[in-house]
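Here is the structure we will look at, set down as structure tokens.
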Amino acid sequence: MKRNITKKDIESLTESQKVSLRELWLPEKHDLAVAYICKNAETEEYDEIDFVVGGIILNRNHITLVDIRRPENDDKATDEDSVDDLVNNESNIYEEESEYSFDGEFGDEDFDFEDEDFEFAYERPTTFSKEDCLPLLSIAQIIEIFQRRNFRDANFYIASAFDEKGCEIGNSAFSLEDYGNNNEPAELCDVLWENLKALL
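Written out as structure tokens, the structure reads:
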């Protein structure tokens, strides 16, 4: 059973549809997403990176999504080491100063960059701007978006019942009572769970 939309589904969208989808998406931890990152500005080459959201950083109006595979100690290590480094560096400054002292003149050997070719290797990023990403929505996330819009313009209706519990979701003019059911309203997940338990 297909549980999430795919990158192929995303490719079928127009640019305006992609913008709308991004605006409707409220990222949460463990969401599946795809990031479109520029690898080469000259050739306009983009890399499509599938990732799982491991964290969300809010900075005013900017949202940054953190890849779940990013090591947690990336930031902590630099903070812990910074104090020790500062103390060690200060003690060495005076020893190194004489070696690198500036006498007011620059020699040719000081700046030897003319014929150097610098190659900047592309590394897979571990944080992404939400503006560069699109969600690979699950069935539940799609239903939630319909629900937030009160099922406007969505030809969607689902009903499920088990014993005295029943759930209906969608914009149908019909209700459970129209089908002769007087079930107690419940969450779809709970009703599906009760049905699944009956199969176990």
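One point on numbering: in our numbering, the residue at position 185 of the sequence shown is 186, and numbering is uninterrupted. Even glycine gets a Cβ: it sits at the ideal position worked out from N, Cα and C.
Can you tell me which of the three DSSP states isoleucine 144 falls into? As a first step, residue 144 is located in the sequence shown; it is residue number 143 there, counting from the start. The answer is helix: DSSP assigns isoleucine 144 an H, G or I state.
How long is the line joining the alpha carbons of leucine 135 and arginine 153, rounded to whole angstroms? Locating residue 135 in the sequence shown gives position 134, where the first residue counts as 1. Locating residue 153 in the sequence shown gives position 152, where the first residue counts as 1. Distance from the CA atom of leucine 135 to the CA atom of arginine 153, rounded to whole angstroms, is 22 Å.
Length-filtered (3 minimum) beta strand (DSSP E) runs lying within the region 7–67: Counting only runs of 3 or more, we get 33–41 and 46–60.
Determine the burial state of lysine 3: buried for a count of at least 16 other Cβ atoms within 10 Å of its Cβ, exposed for fewer. Your numbering for residue 3 matches position 2 in the sequence shown. With fewer than 16 neighbouring CB atoms inside 10 Å of its own CB, lysine 3 falls in the exposed class.
Do isoleucine 69 and proline 28 have their beta-carbon atoms positioned less than 8 Å apart in this structure? Along the sequence shown, one-based indexing puts residue 28 at 27. Along the sequence shown, one-based indexing puts residue 69 at 68. With a cutoff of 8 Å on beta-carbon distance, proline 28 and isoleucine 69 are scored as not near each other.
What would DSSP say about lysine 3, mapped onto helix, strand or coil? Residue 3 sits at position 2 when you count from the first residue of the sequence shown. Residue state, collapsed to three classes: coil.
Keeping to the same chain, check which residues put their C-beta closer than 8 Å to that of glutamine 148; ignore five residues upstream and five downstream. In the sequence shown, the residue the question calls residue 148 occupies position 147. The beta carbon of glutamine 148 is closer than 8 Å to those of Ile170 in its chain, skipping five residues each way along the sequence.
Go ahead and label cysteine 168 buried or exposed: buried means 16 or more other beta carbons lie within 10 angstroms of its beta carbon, across all protein chains shown. Translated into the one-based positions of the sequence shown, residue 168 becomes position 167. Buried: at least 16 other Cβ atoms inside 10 Å.
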